[in-house]
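For reference, the structure discussed in these notes is given below.
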Amino acid sequence: MNAYDKGSDARHGPAGQDVPAPRPALPGPALPGPASPADAPALPACEPGPASSTDLPAPRTPSPGPLPSADASAPDAPPPAPGRPAGPPPELPSAASPAAPPAESRTGVAALSLRYQIGAAVALAVVAVGVCVHLGMAFLHVAPPNTVSKEHSGTVEDWIYPEFEQNWKLFAPNPLQQNIAVQVRAEVLTAGGEVRTTGWYDLSAQDGRAIDGNLLPSHTQQNALRRAWDLFVATHDEDNRPVGLRGALSETYLRRITVLRLDRADAAGPDGSVARVQIRSRTANVPPPDWSTEKISTTPVYRTLPWWSVPEDEALGGIG
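With the first letter of the sequence shown counted as 1, position 30 gets the number 373 in the working numbering; the numbers rise by one all the way through.
Structural data, given as structure tokens:
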């Protein structure tokens, strides 16, 4: 039989004449498509012979895998350090959930316990009351005479004198232009019963030498003697007679200061005692500057007080 005889079915597949047999499937992964083989299109039969490049199937491109999710954009976590257990990477804070603010540490009085807070509050209240009382007393002292200051004048003076005395000399239109020195001499009773009179001790000059060059002079060196003399002048007339109830007090105050200063200078000598003292002031005008045409006298003027007897309890150092 001729191989090219049309009546022969040697070249036809089992499906029948003129129907090409299905081409054997190539190995490889199955492509997605219809589940039934009957729905797939039939491939034309190929004549046996040498294979050509046109007969080979086109290379298949691999199907793309699943798209990366949002979590895949984060960088890979570094490998765990040696000796530490592997675990999930620490969660990074996101903008949706901000980190909680750190707790504020208490300082000052808030850091104290309740008992100490109460003590601090009580101490602060006491200080505030004391400051208010002091300001009120100082105001009544410098204010013009009024009903309250007259009614409580004794209380105000007891609070102000001698440490908190107020005056307006700093703002006076005509400031003090005089040098006033307080001097004292004494009648001393010696151990043999004799009485002798000492020379004049310039107490103001002693205070001036103690203050000169001293960065922190004491309050007594600056003000004790000076204020005692100012109080005496304010409470006595020109004849040295006391005016008002404070006159006798000013005499006692000034006398005790001078007796104490004489005792420090050892004016009575060994085994002696001060029997009487006499005080005087030496006032001299401050000379004007060279460029001034003002003419004033610089001759000192003395104000001498009478002799004061020293009580026996004050004779030895002025302390009763």
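Glycine included, C-beta positions come from ideal geometry on N, C-alpha and C.
The stretch 591–609 makes contact with the stretch 566–581; the number of CB pairs closer than 8 Å reaches 3 or more. Note that the stretch 523–534 touches the stretch 617–634; at least 3 beta-carbon pairs, one per stretch, sit closer than 8 Å. Restricting attention to Pro560, Ala464, Leu592, Gly612, the CA atom closest to the CA of Glu530 is found in Gly612. Here Val629 is exposed. Its C-beta has fewer than 16 other C-beta atoms within 10 Å.
Apart from sequence neighbours up to five positions away, the residues of its chain that approach Arg604 with a beta-carbon distance below 6 Å are Leu546, ordered along the chain. For Thr647, the pairing in a beta bridge is given by DSSP as Arg623. As a beta-bridge residue in DSSP terms, Glu530 pairs with Thr540, Arg619. For Ser448, the number of other beta carbons within 10 angstroms of its own is below 16, and it is reported as exposed. Residue state for Gln521 is assigned as strand, using DSSP reduced to three classes. Annotation: the continuous alpha helix (DSSP H) that includes Thr498 extends over 496–503. Using a Cβ distance threshold of 8 Å, Ala463 and Val472 do not count as a contacting pair. Note that the C-beta distance between Pro643 and Glu637 is not below 8 Å.
In this structure Gly497 is exposed. Its beta-carbon is surrounded by fewer than 16 other beta-carbon atoms within 10 angstroms.
Secondary structure of Asn628 (DSSP, three-state): strand.
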